[in-house]
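**Q** Handing you a structure now.
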Amino acid sequence: MSTKRIGFLSFGHWGASRGSSTPTAADTLLETIELAVAAEEIGIDNASIRVHHFAPQLSAPFPLLAAMAARTSRIELGTGVIDMRYENPLYMAEEAAVADQISGGRLQLGVSRGSPETALNGAHAFGFVPPEGMSDADLARHKLEIFMAAIDGAAVVASDPRMTGVSQGLAVQPQSPGLARRIWWGSGTRATATWVAEQGLNMQSSTLLTEDTGVPFDELQAEQIQVYRDAWKAAGHGWEPRVSVSRSIMPITTDVDRMYFGGERGSEDQVGWLDGGNARFGKTYAGEPDVLAEELAKDAAVQAADTLLLTIPNQLGVEYNARLLETVAKHVAPAIGWVPPAERRLQPTA
12 MSTKRIGFLS
22 FGHWGASRGS
32 STPTAADTLL
42 ETIELAVAAE
52 EIGIDNASIR
62 VHHFAPQLSA
72 PFPLLAAMAA
82 RTSRIELGTG
92 VIDMRYENPL
102 YMAEEAAVAD
112 QISGGRLQLG
122 VSRGSPETAL
132 NGAHAFGFVP
142 PEGMSDADLA
152 RHKLEIFMAA
162 IDGAAVVASD
172 PRMTGVSQGL
182 AVQPQSPGLA
192 RRIWWGSGTR
202 ATATWVAEQG
212 LNMQSSTLLT
222 EDTGVPFDEL
232 QAEQIQVYRD
242 AWKAAGHGWE
252 PRVSVSRSIM
262 PITTDVDRMY
272 FGGERGSEDQ
282 VGWLDGGNAR
292 FGKTYAGEPD
302 VLAEELAKDA
312 AVQAADTLLL
322 TIPNQLGVEY
332 NARLLETVAK
342 HVAPAIGWVP
352 PAERRLQPTA
């Protein structure tokens with residue numbers, strides 16, 4: 012299995028609520044950049060952002076990812092996830108390549124059909140209406156196909172002989188070699204996990220699984236991961252993919268932590284109804300670091316995945332979240348097999 016990695020996942024909320032460090036969009040954007048810098052200094056492997064439209068949250072990932080890239084040198088930069096229904100796949104291929112080039116090949120782009128949202132037919136307002144007989148989900152997968160071909164250098168338009176003197180296919184520019192192997196699809200079911208593997212994509216196992224078999228969330232998620240790995244092996248892609256899961260992990264070490272997260276809220280899995288069927292949500296881990304380490308060591312999906320993304324309370328500010336990440340890195344993450352990058356380089360290779 013790949014080296015275990017940890018990262019943060021920011022929903023990028025802003026608003027003038029009491030105690031918020033991010034009353035405006037500018038505050039959220041600038042603090043996200045600063046947190047990426049701080050996370051890199053701590054030794055965190057990945058800085059990822061959620062993408063939502065028509066909400067006071069992060070919505071346009073590529074300018075932000077490019078800014079994060081320009082201020083950092085090692086940390087991976089990702090999304091979880093970009094809703095493909097809203098995207099022009101060729102323009103997105105250009106934007107992704109530019110951000111990846113600025114980062115030196117550190118982009119880890121999570122894409123998907125998207126999550127439940129506040130807007131009714133929001134992508135339609137962007138001008139993307141599925142043709143007759145095609146669902147929103149079908150359209151998202153169709154756009155993914157175009158996007159993947161574009162970042163792989165496929166010709167997507169013919170040249171104009173009057174300008175070029177020849178008739179040939181043209182690819183979008185720039186290209187960023189290796190990006191195609193750093194695309195992830197957000198999967199909410201075991202069936203989708205099989206499809207993701209067949210497409211040759213890395214998998215982000217969703218925080219919300221749109222099925223419920225009665226088993227605990229981590230076991231259902233671990234089963235999804237195994238289904239994915241089995242399908243990947245059967246597809247014979249010839250390279251090792253990556254799998255991520257995300258968790259809300261709130262170490263309590265101060266009175267401030269206790270004030271925010273000291274209750275028992277979210278301590279159990281949650282079951283709900285979504286898109287016409289049962290859905291299962293994971294619990295929040297909150298407690299003393301040693302207790303969290305023991306609990307995460309028993310989390311089947313966290314153990315099965317190679318990347319753990321920590322959903323952070325971004326409105327509490329950079330200083331608070333940097334301390335949260337440092338606490339997890341020092342006292343919790345070693346229990347799941349994580350080793351700081353500096354120590355990793357000293358370990359013998361297999």
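The numbering of the sequence shown is the working numbering, which starts it at 12 and goes up by one. Ideal Cβ placement from N, Cα and C applies to all residues, glycine included.
1) What is the DSSP secondary structure of N213, counted as helix, strand or coil?
2) Would you grab the beta carbon distance between V238 and T205 for me? Rounded to a whole angstrom, and I think it's under 8 Å.
3) Find the nearest neighbour of S217 within the set I93, L40, W250 and W25, judged by alpha-carbon distance.
4) Give me whichever residues DSSP pairs with I157 in a beta bridge.
5) Using a Cβ-Cβ cut-off of 8 Å (strictly less than) and excluding sequence neighbours within five positions of I53, which residues of its own chain qualify?
6) Output needed for P352: all residues of its chain with C-beta closer than 6 Å, excluding positions within five of it in sequence on either side, in chain order.
7) In terms of alpha-carbon separation, which member of G125, G89 and E330 lies closest to S255?
8) Do you know offhand how far L155's Cα is from I263's?
9) For the segment 318–334 and the segment 20–34, state whether three or more C-beta atom pairs, one from each stretch, are separated by less than 8 Å.
10) At the level of alpha carbons, what is the spacing between Q210 and P185?
11) Can M214 and A151 be called in contact, C-beta distance under 8 Å?
12) Rounded to the nearest angstrom, what separates H64 and S257 at their Cα positions?
13) Check each candidate in T39, T14 and S28 and name the one with the smallest Cα separation from V329.
14) Run through DSSP, which three-state label would G133 get?
15) Distance, Cα to Cα, T83 vs W250?
16) Over the uninterrupted alpha helix (DSSP H) stretch that includes E105, give me the two end residues.
17) DSSP on W243, reduced to helix/strand/coil?
18) Hey, quick one: how far does the alpha helix (DSSP H) through A58 stretch, first residue to last?
19) By Cβ distance below 6 Å, which residues in the same chain neighbour G26 in space, the five residues on each side in sequence not counted?
20) Give the secondary structure of P127 by DSSP, where H, G and I count as helix, E and B as strand, and everything else as coil.
21) My assumption, with CB atoms under 8 Å, is that Y296 sits in contact with I260. Please give the rounded CB distance.
22) With distances taken between CB atoms, is the gap from I60 to L75 smaller than 8 Å?
23) Between the segment 125–134 and the segment 166–186, do at least 3 Cβ pairs fall closer than 8 Å?
24) Under three-state DSSP, which class holds I260?
25) Assuming F137 and A107 make a contact with CB atoms under 8 Å, what is their CB distance in whole Å?
26) Which residue or residues does DSSP assign as beta-bridge partners of E371?
27) Under the DSSP definition of a beta bridge, which residues are partnered with S198?
28) Just mark S198 as buried or exposed, buried being the case when its beta carbon has 16 or more other beta carbons within 10 Å.
29) Starting from R16 and walking both ways along the beta strand (DSSP E), at which residues does that stretch end?
30) Based on the DSSP secondary-structure assignment, which residues constitute the bridge partners of S255?
31) In the DSSP assignment, the beta strand (DSSP E) including A297 goes from what residue to what residue?
32) How should D149 be labelled, buried or exposed, when 16 other C-beta atoms within 10 angstroms of its C-beta is the threshold for buried?
33) M159 and A110 - do their beta-carbons sit closer together than 8 Å?
34) DSSP puts L181 in a beta bridge; with which residues?
35) Mind checking L131: buried by the 16 CB within 10 Å criterion, or exposed?
36) Take the Cβ of S146 as the centre, count every other Cβ of all protein chains shown within 10 Å, and call the residue buried at 16 or more, exposed below.
**A** Straight from the coordinates:
1) strand
2) 6 Å
3) Taking only the C-alpha atoms, the option nearest S217 is I93.
4) The partner list for I157 (beta bridge, DSSP) is empty, contrary to what the question assumes.
5) A333, L336, E337 and A340
6) G54
7) Looking from the CA of S255, the closest CA among G125, G89 and E330 belongs to G89.
8) 41 Å
9) yes
10) 23 Å
11) No; because the gap between Cβ atoms is not below 8 Å, this pair is not in contact.
12) Each residue's alpha carbon lies about 21 Å from the other.
13) T39
14) helix
15) 28 Å
16) P100 to S114
17) Helix at W243.
18) From DSSP, A58 is part of no alpha helix (DSSP H) but of the beta strand (DSSP E) over N57 to I60.
19) P67
20) coil
21) The distance from the Cβ of Y296 to that of I260 is about 5 Å, consistent with a contact at the 8 Å cut-off.
22) yes
23) no
24) strand
25) That belief does not hold up - the Cβ atoms of F137 and A107 are roughly 18 Å apart, past 8 Å.
26) No answer is possible for residue 371: it lies beyond the span of the chain, which begins at 12 and ends at 361.
27) S216
28) buried
29) R16 to S21
30) Answer by DSSP bridge pairing, in chain order: Q215 and T318.
31) DSSP places A297 in the uninterrupted beta strand (DSSP E) bounded by T295 to G298.
32) exposed
33) no
34) V168
35) Answer is exposed; the Cβ neighbour count stays below 16.
36) exposed
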